[in-house]
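Report on the following structure.
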Amino acid sequence: MEHFTRAAAKEFGARGISVTAVGPGPMDTPFFYPAEGADAVAYHKSAAALSPSSKTGLTDIEDVVPFIRHLVTEGWWITGQTLLINGGYTTK
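Take the sequence shown: its letters are residues 1265 to 1356, numbered as in this note's numbering.
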């Protein structure tokens, strides 16, 4: 995904189109847990609980929306990046 994002940003940048990928942390959705085995679910829940900034342990859509809004309205200079919005999940 990162390489695709960079390539798309390079291709569309000349037309004034910015391309940014957003990587949220594990989210509690109906689609997340059925695709994972019991061990993976337990791991994500325990690792997410260690996230220093997370309110619930998992990424909430309400945590991601303000960032997306910023990208759409004022983030024209941000392009070719994959940004992780995960409450510190990757700092563990």
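Glycine is no exception: its CB is placed at the ideal position from the N, C-alpha and C atoms. As the structure is a prediction and not an experimental result, all values here were calculated from the model.
How many whole angstroms separate the CB atoms of residue i and residue j, which I take to be in contact at a CB cut-off of 8 Å?
i, j, result
"residue 1345", "residue 1284", "5 Å"
"residue 1282", "residue 1349", "Contact doesn't hold; Cβ gap of about 17 Å is too wide."
Quick one: is residue i buried, meaning 16 or more other Cβ sit within 10 Å of its Cβ, or exposed?
i, result
"residue 1327", "buried"
"residue 1351", "buried"
Based on Cα-Cα distance, which residue from the options lies nearest to residue i?
i, options, result
"residue 1332", "1354, 1288, 1306 and 1355", "1288"
"residue 1291", "1338, 1336, 1324 and 1343", "1324"
"residue 1339", "1310, 1280 and 1267", "1280"
Note down the Cα distance separating residue i from residue j, rounded to an integer number of angstroms.
i, j, result
"residue 1275", "residue 1354", "30 Å"
"residue 1330", "residue 1302", "32 Å"
"residue 1335", "residue 1270", "16 Å"
"residue 1286", "residue 1267", "13 Å"
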